[in-house]
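The opening residue of the sequence shown carries number 648 in my numbering; numbering runs sequentially from there.
Idealized CB from N, CA, C, for every residue including glycine.
Worksheet: one structure, shown below.
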Amino acid sequence: MGSDANVTRMRLDGGVQHKEGQQFPSGKGMAGERLPRVHRVEPHGFTSHPVAGGIATILQARSNRDSVYAMGGANPALIPSLAQGGTAIYDHLGNVCLLYTSDAADEGLGV
648 MGSDANVTRM RLDGGVQHKE GQQFPSGKGM AGERLPRVHR VEPHGFTSHP VAGGIATILQ
708 ARSNRDSVYA MGGANPALIP SLAQGGTAIY DHLGNVCLLY TSDAADEGLG V
């Protein structure tokens, strides 16, 4: 059975357009193709501004360049090392702002 969707990744270049509550980052596909405006899907109640060097998974609906959607976008060099089950909110420099462990939540920790 054939598929009408393509899934790949893109490296974000740090450019983000905001329009009517939606984000449109730019970057390059892993094959080098330029992606100047990709709709980034975000869940309700949460938002973040992706940083340069982040890698997003993109879905291109019906091979249509006007229907490209990005998910994720974390920069691998900035992701903090956590123990199993740990959760961290970190900033654009990789500094942990809030850390949840099985015991408690600690604020303002640097990694």
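N- and C-terminal bounds of the beta strand (DSSP E) containing residue i
i	result
V743	V743 to Y747
P672	Q669 to G676
I705	I702 to A708
T734	T734 to Y737
Cβ neighbours of residue i in the same chain (closer than 8 Å, five flanking residues each side left out)
i	result
M718	R687, V688, A703, T704, I705 and L706
R656	G676, M677, I702, A703, T704 and I705
Beta-carbon proximity list for residue i, same chain, < 7 Å, skipping 5 on both sides
i	result
P727	A735, Y737, G741, V743 and V758
R684	Q664, F671 and S673
G661	V698 and A699
Given residue i as reference, the closest of the options once Cα atoms are compared
i	options	result
T694	T655, Q664 and Q669	Q669
D713	Q731, L725, G661 and L682	L682
G733	T748, Q664 and V715	T748
E680	R709, A708, L659 and L729	L659
L725	H739, V715 and G661	H739
Cβ-based burial, residue i [other Cβ within 10 Å; buried from 16]
i	result
V654	exposed
P723	exposed
M648	Here M648 scores only 42 on pLDDT, less than 50, and its place in the model is too uncertain to base an answer on.
G720	buried
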